[in-house]
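Participant: Handing you this structure, nothing more for now.
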Amino acid sequence: MTRKHFVFWTLAPATVVLASLALVSIAGAVWFSLMNRTLRSPDYEFVGAYNYLRLLRDSRFFNALQISAIWEIVTVTGTLALAIVLAVLVHETVKSPLRRNLICFAFLAPVLLPRVAAAFIWRFLYSPSLGLLNYLAGLLGLGPIEFLADPSIALLSVAVVDIWQWGLFFTVILVKLLETLPKDPIEAAMLDNASLWQIHAYVTLPMLKAPLISLVLVKAVESLRSFDLIFVMTGGGPGKATETLDLYAYQSGINLGGRVSYASAMSILLLIVTTIAFTIIWRAGKKWAG
Amino acid sequence: MTSRNFLLGTACLALLPAMALAQDAAECKGKVPTLNVIGQGMPSVTALDKFLPEFDEKWGTEVKITLLGENERRAKSRLDASTGAGAYQVLYIDEANLAEYATAGWVYPLADVVPADYDLADFRVDLANVSSYDGVQYFAPFVGGGDVMIYRKDILEEKGIAVPQTLDELVAAVKATTDPEAGIYGWTARGQRGSGMNVWRWTPFFRGLGGEWLDGDMPAFNSEKGVEATEVYMDLMSYGPPGVGTFNWSDSVEAFRGGQVALVIESDVFGPWMEDPEKSQVAGKVGYAPPPEPLPSAGWAHGWAVSTAGAKDDCTRAVAGDFVGWATSKDMEMRRLEAGIASDIGRTSTLQSEAFRAAVPQDYIDALLATGPRTSLLIMANPAWPEIGDTLGLALEELFTGTRTDIQGALDEAAFDAEDSLARVK
Numbered sequence: 001m002t003r004k005h006f007v008f009w010t011l012a013p014a015t016v017v018l019a020s021l022a023l024v025s026i027a028g029a030v031w032f033s034l035m036n037r038t039l040r041s042p043d044y045e046f047v048g049a050y051n052y053l054r055l056l057r058d059s060r061f062f063n064a065l066q067i068s069a070i071w072e073i074v075t076v077t078g079t080l081a082l083a084i085v086l087a088v089l090v091h092e093t094v095k096s097p098l099r100r101n102l103i104c105f106a107f108l109a110p111v112l113l114p115r116v117a118a119a120f121i122w123r124f125l126y127s128p129s130l131g132l133l134n135y136l137a138g139l140l141g142l143g144p145i146e147f148l149a150d151p152s153i154a155l156l157s158v159a160v161v162d163i164w165q166w167g168l169f170f171t172v173i174l175v176k177l178l179e180t181l182p183k184d185p186i187e188a189a190m191l192d193n194a195s196l197w198q199i200h201a202y203v204t205l206p207m208l209k210a211p212l213i214s215l216v217l218v219k220a221v222e223s224l225r226s227f228d229l230i231f232v233m234t235g236g237g238p239g240k241a242t243e244t245l246d247l248y249a250y251q252s253g254i255n256l257g258g259r260v261s262y263a264s265a266m267s268i269l270l271l272i273v274t275t276i277a278f279t280i281i282w283r284a285g286k287k288w289a290g
Numbered sequence: 001m002t003s004r005n006f007l008l009g010t011a012c013l014a015l016l017p018a019m020a021l022a023q024d025a026a027e028c029k030g031k032v033p034t035l036n037v038i039g040q041g042m043p044s045v046t047a048l049d050k051f052l053p054e055f056d057e058k059w060g061t062e063v064k065i066t067l068l069g070e071n072e073r074r075a076k077s078r079l080d081a082s083t084g085a086g087a088y089q090v091l092y093i094d095e096a097n098l099a100e101y102a103t104a105g106w107v108y109p110l111a112d113v114v115p116a117d118y119d120l121a122d123f124r125v126d127l128a129n130v131s132s133y134d135g136v137q138y139f140a141p142f143v144g145g146g147d148v149m150i151y152r153k154d155i156l157e158e159k160g161i162a163v164p165q166t167l168d169e170l171v172a173a174v175k176a177t178t179d180p181e182a183g184i185y186g187w188t189a190r191g192q193r194g195s196g197m198n199v200w201r202w203t204p205f206f207r208g209l210g211g212e213w214l215d216g217d218m219p220a221f222n223s224e225k226g227v228e229a230t231e232v233y234m235d236l237m238s239y240g241p242p243g244v245g246t247f248n249w250s251d252s253v254e255a256f257r258g259g260q261v262a263l264v265i266e267s268d269v270f271g272p273w274m275e276d277p278e279k280s281q282v283a284g285k286v287g288y289a290p291p292p293e294p295l296p297s298a299g300w301a302h303g304w305a306v307s308t309a310g311a312k313d314d315c316t317r318a319v320a321g322d323f324v325g326w327a328t329s330k331d332m333e334m335r336r337l338e339a340g341i342a343s344d345i346g347r348t349s350t351l352q353s354e355a356f357r358a359a360v361p362q363d364y365i366d367a368l369l370a371t372g373p374r375t376s377l378l379i380m381a382n383p384a385w386p387e388i389g390d391t392l393g394l395a396l397e398e399l400f401t402g403t404r405t406d407i408q409g410a411l412d413e414a415a416f417d418a419e420d421s422l423a424r425v426k
């Protein structure tokens with residue numbers, strides 16, 4: 001058996017299982033989206049593109065689309081920015097391997113917390129009357145701040161929890177990546193009297209371009225699955241201020257009269273939009289890295 | 001046929017169900033390895049844990065109770081029943097979705113599955129009414145009731161304010177007791193969206209001020225009365241703790257137990273919660289009274305029912321029905337009272353017991369008795385209610401949190417959506 005055959009036959013079973021699981025559920029969602037199925041009744045009929053056309057007139061759908069886009073941008077940018085700043089800080093200030101490992105271990109803790117647990121902890125921390133953050137704000141003469149009840153900051157407050165979980169995790173990855181970089185280019189830059197931020201901005205971080213693009217994509221995919229965090233912390237509120245598309249699909253399909261077909265149409269549109277967006281980002285990233 | 005033979009025959013027929021049940025118990029033991037039950041974290045449900053081995057032993061089964069939050073519990077039950085999945089044999093349902101479950105045939109009538117030994121006639125009349133649809137009782141209520149006004153006796157005394165008897169007096173008392181500098185807020189209420197959340201607490205204001213849900217077949221909650229009720233509700237909320245616009249019932253109750261609130265109208269079940277010295281900073285300082293006139297009391301009940309999709313065969317039905325009867329029985333309520341749980345009472349006999357009188361303050365019992373006649377189902381008794389209530393809840397939450405300010409516009413939009421929901425039910 002050639003190496004090519006070996007690779008093919010070892011990958012084939014997993015690929016078939018994954019493809020069938022994905023295809024069956026997508027085909028099911030497409031089928032449902034063309035019907036008028038609700039959870040209340042076993043009867044349903046073919047309605048063609050009605051659900052898709054109704055979505056185009058649904059202002060709540062467009063609001064959810066907008067919130068999802070803002071959520072993606074804020075959490076991906078925030079996570080990467082926090083990770084880069086902290087990684088450079090740890091790399092430059094903590095030289096003892098033991099201390100560095102201890103810090104990395106502590107930074108891993110948030111991402112190990114189940115999302116729902118993290119959401120409950122932060123919901124309590126954010127409480128305007130009983131929460132620690134408002135107590136500290138009170139000591140500074142600020143507040144009370146309604147982190148989750150004020151529509152203008154609710155989405156940002158939830159995003160902070162996501163960034164806290166993933167930003168610290170990515171910091172650990174970046175610290176380890178910085179340790180693996182060759183020393184020569186950095187020493188050369190130091191001989192040229194480059195400042196610390198110049199070394200990182202023009203030497204080390206460009207050397208990490210490819211892994212950084214991978215991290216952006218991983219986080220972008222992960223951010224699409226933040227349903228549990230938002231659901232527990234705000235339930236999409238106040239009003240519709242934190243209602244992302246997956247949350248609205250859930251509300252439509254399960255809570256609001258169980259309109260499964262309408263929710264399926266929404267999910268299919270979300271799939272199409274994200275596939276297009278990720279293809280564009282992936283290609284742009286490859287071009288930039290190349 | 002002689003009348004003696006006739007009476008004998010009738011007696012034998014009457015005994016048949018009991019004989020059938022005895023037969024079931026013998027025949028079905030060990031045939032239902034697992035009984036899956038959906039639950040919500042009410043004290044009556046969590047207290048059941050230590051007694052489960054007793055039931056498991058009786059039927060050779062293992063009862064597994066899945067505890068969920070209110071909204072998740074509703075979603076899970078609906079999904080399991082409507083898709084015919086039937087993963088749960090016992091469903092936890094309430095007044096808000098009873099019409100939907102009964103009309104869809106997702107649960108059995110209670111008398112068809114729960115043995116008569118459990119004395120179904122002993123359920124509190126107000127709760128039995130709420131757990132019935134078209135005169136048929138579908139779930140066994142273990143918690144429920146109506147509303148009660150809960151207030152801080154010490155704060156009202158200090159301010160020289162009498163217990164409010166009317167809505168105007170309530171508004172005045174709320175304003176007079178609010179002192180944010182001292183960390184005291186006159187009022188708290190549910191703001192978070194949901195038919196069982198903000199809509200539930202808003203409804204007595206709406207109905208008390210004369211509002212009606214429907215005008216013929218059309219939604220009418222966007223009427224002048226709806227706007228007026230929302231204005232009063234929002235005025236009171238402006239004297240609430242920070243973040244009240246998204247408070248759920250737990251936030252509201254905890255704010256009161258934390259000593260931050262002077263007055264609240266909540267479900268009467270929370271009365272005993274205020275008297276728990278381990279969890280309440282205001283235990284012993286709390287008074288209870290009926291809601292001020294003209295506010296009615298919102299009747300509600302939570303309980304267990306047997307799922308038609310989950311309990312298809314005779315043995316599963318027998319075990320599930322017996323579980324519902326056992327878990328909501330008189331004996332179980334007395335055991336809970338002995339364990340200090342006085343909040344969840346579903347039986348008339350328990351209400352009349354000495355143990356209950358010893359467990360709660362007398363003015364709480366007086367408030368319950370005075371509120372009873374004003375308690376009824378205030379929500380729209382329609383299968384479309386969960387959908388209509390949730391849509392209305394979203395509109396109210398938007399208003400409460402300042403996302404939008406036009407009350408009439410928000411109610412109009414909710415009513416417009418409700419037209420669709422009602423049409424789909426038809």
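Respectively, the protein sequence lines represent chains A and B.
Heads up: the first sequence is residues 1 to 290, going by the working numbering.
Heads up: the second sequence is residues 1 to 426, going by the working numbering.
Yeah, the Cβ is synthetic: ideal placement off N, Cα and C, and Gly gets one too.
Straight-line CA distance for B/SER44 to B/PHE142?
Facilitator: As a working note, residue 44 of chain B is residue 44 in the second sequence. As a working note, residue 142 of chain B is residue 142 in the second sequence. Their Cα atoms are separated by approximately 7 Å.
Participant: Near A/MET1, which residues of its chain fall below 7 Å by C-beta distance, leaving aside the five closest residues on each side in sequence?
Facilitator: Your numbering for residue 1 of chain A matches position 1 in the first sequence. Excluding positions up to five away in sequence, the list is empty.
Participant: What's the gap between the Cα of B/PHE323 and the Cα of B/ASN36?
Facilitator: Here residue 323 of chain B refers to the residue found at position 323 of the second sequence. Here residue 36 of chain B refers to the residue found at position 36 of the second sequence. For B/PHE323 and B/ASN36, the distance between alpha carbons rounds to 11 Å.
Participant: Quick check on the DSSP output: the beta strand (DSSP E) that includes B/LEU142 runs from which residue to which?
Facilitator: Start at 1 with the first residue of the second sequence, and residue 142 of chain B comes out as number 142. Note that residue 142 of chain B corresponds to Phe in the displayed sequence, not to Leu. That run of the beta strand (DSSP E) goes 140-145.
Participant: Go ahead and pull the three-state DSSP assignment for A/LEU270.
Facilitator: In the first sequence, residue 270 of chain A corresponds to position 270, counting from 1. In the structure shown, A/LEU270 sits in a helix (DSSP, three-state: H, G or I).
Participant: With DSSP as the reference, label B/ILE345 as helix, strand or coil.
Facilitator: Taking the first residue of the second sequence as position 1, residue 345 of chain B is located at position 345. Reduced to three states, the DSSP call for B/ILE345 is coil.
Participant: With a threshold of 16 other CB atoms inside 10 Å of the CB of A/VAL24, please say whether the residue is buried or exposed.
Facilitator: Numbered from 1 along the first sequence, position 24 holds the residue referred to as residue 24 of chain A. Burial call: exposed.
Participant: With DSSP run on the structure shown, which of helix, strand or coil describes A/ILE26?
Facilitator: Position 26 of the first sequence, counting from 1, holds the residue named residue 26 of chain A. Of the three classes helix, strand and coil, the one that applies to A/ILE26 here is helix, per DSSP.
Participant: Per DSSP, what kind of secondary structure is B/ALA289 in: helix, strand or coil?
Facilitator: As a working note, residue 289 of chain B is residue 289 in the second sequence. B/ALA289: strand per DSSP, three-state reduction.
Participant: Could you give the residue range of the alpha helix (DSSP H) that holds B/ALA111?
Facilitator: The residue given as residue 111 of chain B occupies position 111 in the second sequence. Per DSSP, B/ALA111 belongs to the alpha helix (DSSP H) from 110-113.
Participant: Going by DSSP in three states, A/VAL94 sits in which element: helix, strand or coil?
Facilitator: Taking the first residue of the first sequence as position 1, residue 94 of chain A is located at position 94. A/VAL94: coil per DSSP, three-state reduction.
Participant: With DSSP collapsed to three states, give me the class of A/LYS4.
Facilitator: The residue labelled residue 4 of chain A in the question sits at position 4 within the first sequence. It is helical.
Participant: Could you tell me whether the Cβ of A/ALA241 comes closer than 8 Å to any Cβ of chain B?
Facilitator: The residue given as residue 241 of chain A occupies position 241 in the first sequence. A/ALA241 counts as touching chain B.
Participant: Using CA coordinates, which residue listed in B/ASP314, B/ASP147, B/SER82 is at the minimum distance from B/GLU100?
Facilitator: Taking the second sequence and counting its residues from 1, one reaches residue 100 of chain B at position 100. Comparing Cα-Cα distances from B/GLU100 to each of B/ASP314, B/ASP147, B/SER82, the minimum goes to B/SER82.
Participant: Would you please state the rounded distance, in angstroms, between the beta carbons of B/ALA301 and B/SER195? I believe it to be under 8 Å.
Facilitator: In the second sequence, the residue the question calls residue 301 of chain B occupies position 301. In the second sequence, the residue the question calls residue 195 of chain B occupies position 195. The pair is not a contact, with the Cβ atoms about 15 Å apart (cut-off 8 Å).
Participant: Taking the alpha-carbon of B/ASP117 as reference, which of B/LEU91, B/ASP168, B/GLY325, B/SER250 has the nearest alpha-carbon?
Facilitator: Within the second sequence, the letter at position 117 stands for residue 117 of chain B. Minimum Cα distance to B/ASP117 is reached at B/GLY325.
Participant: Using only CA atoms, which one of B/ALA102, B/GLN165, B/GLY84 lies nearest to A/ASP43?
Facilitator: Here residue 43 of chain A is taken as the residue at index 43 of the first sequence, counted from 1. Considering only alpha carbons, the answer is B/GLY84.
Participant: Kindly indicate if chain A contains any beta-carbon less than 8 Å away from that of B/ASP390.
Facilitator: On the second sequence, residue 390 of chain B is found 390 positions in, with the first residue counted as 1. For B/ASP390, the answer is yes, since a Cβ of chain A falls inside 8 Å of its Cβ.
Participant: For B/TRP200, which of B/LEU236, B/SER267, B/THR401 has the nearest alpha-carbon?
Facilitator: For the purposes of this step, residue 200 of chain B is taken as residue 200 along the second sequence, with counting starting at 1. Ranking B/LEU236, B/SER267, B/THR401 by Cα distance to B/TRP200 puts B/SER267 first.
Participant: Going by C-alpha distance, which of B/THR350, B/ASN97, B/PRO180 is nearest B/SER77?
Facilitator: As a working mapping, residue 77 of chain B is identified with position 77 in the second sequence. B/SER77 has its Cα closest to that of B/ASN97, out of B/THR350, B/ASN97, B/PRO180.
Participant: Looking only at its chain, what residues have a beta carbon closer than 8 Å to the beta carbon of B/LEU369, apart from the 5 residues adjacent to it on each side?
Facilitator: Against the second sequence, residue 369 of chain B aligns to sequence position 369. Around B/LEU369: no qualifying Cβ.
Participant: From the beta carbon of B/GLU338, is the nearest beta carbon of chain A less than 8 Å away?
Facilitator: Stepping through the second sequence from its first residue, residue 338 of chain B is reached at position 338. With 8 Å as the cut-off, B/GLU338 does not count as an interface residue toward chain A.
Participant: By how many angstroms is the C-alpha of B/LYS50 removed from the C-alpha of B/ALA189?
Facilitator: Position 189 of the second sequence, counted from the first residue, corresponds to residue 189 of chain B. Position 50 of the second sequence, counted from the first residue, corresponds to residue 50 of chain B. Approximately 34 Å between the Cα atoms of the pair.
Participant: Can you give me, in chain order, the residues of the stretch 401-421 of chain B that have a beta carbon less than 8 Å from any beta carbon in chain C?
Facilitator: No chain C appears in the structure shown, which is made up of the protein chains A and B.
Participant: In terms of residue numbering, what span does the beta strand (DSSP E) encompassing B/ALA305 cover?
Facilitator: Residue mapping note: residue 305 of chain B aligns to position 305 of the second sequence, counting from 1. Element bounds for B/ALA305: 300-306.
Participant: Determine which residues of the stretch 240-269 of chain B have a Cβ less than 7 Å from any Cβ of chain A, and write them out in chain order.
Facilitator: Cβ contacts with chain A: PRO241, PRO242, GLY243, GLY245, THR246, ALA255, GLY258, GLN260.
Participant: Could you check what DSSP says for B/LEU21 in three-state terms: helix, strand or coil?
Facilitator: As a first step, residue 21 of chain B is located in the second sequence; it is residue number 21 there, counting from the start. In this prediction, B/LEU21 scores a pLDDT of 47, lower than 50, which makes its location untrustworthy; the coordinate-derived value is nonetheless stated afterwards. Of the three classes helix, strand and coil, the one that applies to B/LEU21 here is helix, per DSSP.
Participant: Residues of chain A with CB under 7 Å from B/GLU70, in chain order?
Facilitator: Here residue 70 of chain B refers to the residue found at position 70 of the second sequence. Neighbours of B/GLU70 on chain A: none; closest Cβ ~11 Å, over 7 Å.
Participant: To the nearest angstrom, how far is it from the Cα of B/ASP420 to the Cα of A/TRP122?
Facilitator: The residue labelled residue 420 of chain B in the question sits at position 420 within the second sequence. The residue labelled residue 122 of chain A in the question sits at position 122 within the first sequence. Between B/ASP420 and A/TRP122, the C-alpha separation is close to 38 Å.
Participant: Would you check if there are 3 or more beta carbon pairs closer than 8 Å linking the stretch 165-176 of chain A to the stretch 84-93 of chain A?
Facilitator: Yes, they touch.
Participant: Is there a C-beta anywhere in chain A that falls below 8 Å from the one on B/ARG78?
Facilitator: Within the second sequence, the letter at position 78 stands for residue 78 of chain B. Taking Cβ atoms only, chain A reaches closer than 8 Å to B/ARG78, which makes this a yes.
Participant: Given a threshold of 16 other Cβ atoms within 10 Å of its Cβ, counted over all protein chains shown, does A/ILE280 qualify as buried or as exposed?
Facilitator: Along the first sequence, read from residue 1 onward, the residue named residue 280 of chain A stands at position 280. Exposed.
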